[in-house]
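Working notes, structure below.
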Ligand code: PBG
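Numbering (my numbering), first residue to last: 1124 to 1451.
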């Protein structure tokens, strides 16, 4: 571009009033982009707070319904469900139990709030006694035997009425296995939102307390991606797209915006970003100390994700954001 310079050009001209700034804004936040993660466990009237995540609770199904009803009324598009089972074992039985906690909640939500989209996180870690995302043998996390369990889990969510299934385990080939099982069971219209570029991240710390899913030995570095790698993220996304992913996700958010940008540019698919627990906790903690403005920092972070190329924003702040957008 060959622009004339100062004093003919004065970029500040377009920043002189709020109306003008709005008129020329390249990106915006809208409540329809928001997805709210929710954590379900059995019980009644249960709202168990989590120390590292103010405002986030483990909720019994009746409380999930209450939370989802409020979110829906605020215009939030979807909830993303995680389950904490009563019992964990070595084959994640709770993940694909016909009447598992997620399956129960999906049925309840689809019955009571049919127009709210219900997305289910498909993973085994919350249901495994060892907290890993796949079957463990001899201290190793096995890939191929885990695929069957993941596919079964996704199909059982679809059977309960889930609108979208979202595999987050990072086993190779899981999207193909899930697509095949869904199609085989007649759920050929159930989309897959794949956590395609999911990094082994220290930002997941608080989540593991909420979901009770911390690995009991080792870490997730043999299946989740290395934070050093950007090109590999594109290969991961390409594979998932090839295997049938309808939407892709990058996770975490704020520290991985280069990946979001490259993924959106290369594939042009509906792209979700997960502003994960650690990101949320940092904002909450600093705001509680009076060091930052919670509203301004949250909105600015999400807008940065949009600018990077995100279409869908998964955030624990979804309800606050929905309220703030009404008054901004
Ligand atoms: C399950 C899963 C995790 C998150 C989403 N799905 C945790 C992990 O991989 O250890 C993290 C979400 C967050 O930190 O908010 N595999």
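For every residue, glycine included, the Cβ atom is placed at its ideal position computed from N, Cα and C.
Buried or exposed for residue 1146, going by 16 or more other Cβ atoms inside 10 Å?
exposed
Beta carbon of residue 1372, beta carbon of residue 1397: below 9 Å?
In this structure, the beta-carbon distance from residue 1372 to residue 1397 falls below 9 Å.
Residues bridged to residue 1293 [DSSP beta-bridge criterion]:
For residue 1293, which the question treats as bridged, DSSP gives no partner whatsoever.
Once DSSP output is grouped into helix, strand and coil, what is the label at residue 1255?
Correct three-state label for residue 1255: coil.
By the DSSP assignment, the beta strand (DSSP E) with residue 1400 in it spans what residues?
No beta strand (DSSP E) contains residue 1400, which is instead part of the alpha helix (DSSP H) from 1400-1411.
Which of helix, strand or coil does DSSP assign to residue 1187?
helix
How many angstroms separate the CA atom of residue 1320 from the CA atom of residue 1360?
6 Å
Of the listed residues 1252, 1246, 1285, 1140, nearest to residue 1266 (C-alpha basis):
1246
Expected contact under 8 Å - CB spacing of residue 1368 and residue 1406 to nearest Å
Rounded to whole angstroms, the Cβ separation of residue 1368 and residue 1406 is 29 Å, and the two are not in contact under 8 Å.
Residues that DSSP places opposite residue 1317 in a beta bridge:
1371
Answer yes if the stretch 1267-1274 comes into contact with the stretch 1347-1354, meaning at least three C-beta pairs across the two stretches below 8 Å, and no otherwise.
no
Could you check if residue 1313 is buried or exposed, using at least 16 other CB atoms within 10 Å of its CB as the buried criterion?
Counting other Cβ atoms within 10 Å of its Cβ, residue 1313 reaches 16 or more and is therefore classed as buried.
Which residues mark the beginning and the end of the alpha helix (DSSP H) in which residue 1365 is found?
For residue 1365, the enclosing alpha helix (DSSP H) covers residues 1354-1366.
Rounded straight-line distance, which links the Cα of residue 1242 to that of residue 1322:
21 Å
Who pairs with residue 1342 in a beta bridge, going by DSSP?
According to DSSP, which records beta bridges pairwise, residue 1342 is partnered with nothing at all.
Is the number of C-beta pairs between the stretch 1197-1209 and the stretch 1224-1238 that are closer than 8 Å three or more?
yes
Extent of the continuous alpha helix (DSSP H) run through residue 1268
1267-1283
Which two residues bound the contiguous alpha helix (DSSP H) that contains residue 1329?
1328-1334
Assign residue 1131 to buried or exposed, taking buried as 16 or more other Cβ atoms, counted over all protein chains shown, within 10 Å of its Cβ.
exposed
Rounding to the nearest angstrom, what Cα-Cα distance links residue 1297 and residue 1444 in this structure?
33 Å
Compute the minimum distance between the beta carbon of residue 1244 and the heavy atoms of ligand 1, and state whether it is under 8 Å.
yes
Using 8 Å for Cβ pairs, my map puts residue 1363 next to residue 1393. What's the rounded Cβ distance?
Not a contact, Cβ separation roughly 13 Å.
May I have the straight-line CA-CA distance separating residue 1257 from residue 1416, to the nearest angstrom?
40 Å
Just mark residue 1260 as buried or exposed, buried being the case when its beta carbon has 16 or more other beta carbons within 10 Å.
With fewer than 16 other Cβ atoms within 10 Å, it is exposed.
Anyone know if the C-beta pair for residue 1152 and residue 1442 falls short of 9 Å?
no
Residue 1139, enclosing beta strand (DSSP E) - first and last residue:
Going by DSSP, residue 1139 is part of no beta strand (DSSP E) at all; its letter is neither H nor E.
Residue 1379 Cβ short of 8 Å to ligand 1 heavy atom set:
Not so, every heavy atom of ligand 1 lies at least 8 Å from the Cβ.
Shorter than 8 Å, the distance from the beta carbon of residue 1331 to the closest heavy atom of ligand 1, or not?
yes
Taking DSSP as the reference, what is the three-state secondary structure of residue 1448?
helix
With three or more beta-carbon pairs closer than 8 Å as the criterion, would you say the stretch 1328-1338 touches the stretch 1293-1307?
no
At a cut-off of 8 Å, is residue 1318 close to ligand 1 when judged by its beta-carbon and the heavy atoms of the ligand?
yes
Start-to-end residues for the beta strand (DSSP E) that takes in residue 1129
Where residue 1129 is concerned, there is no enclosing beta strand (DSSP E), given that its DSSP letter is neither H nor E.
Okay, do the stretch 1270-1289 and the stretch 1209-1229 touch, 3+ Cβ pairs below 8 Å being the bar?
yes
Three-state class that DSSP yields for residue 1397 in the structure shown:
strand
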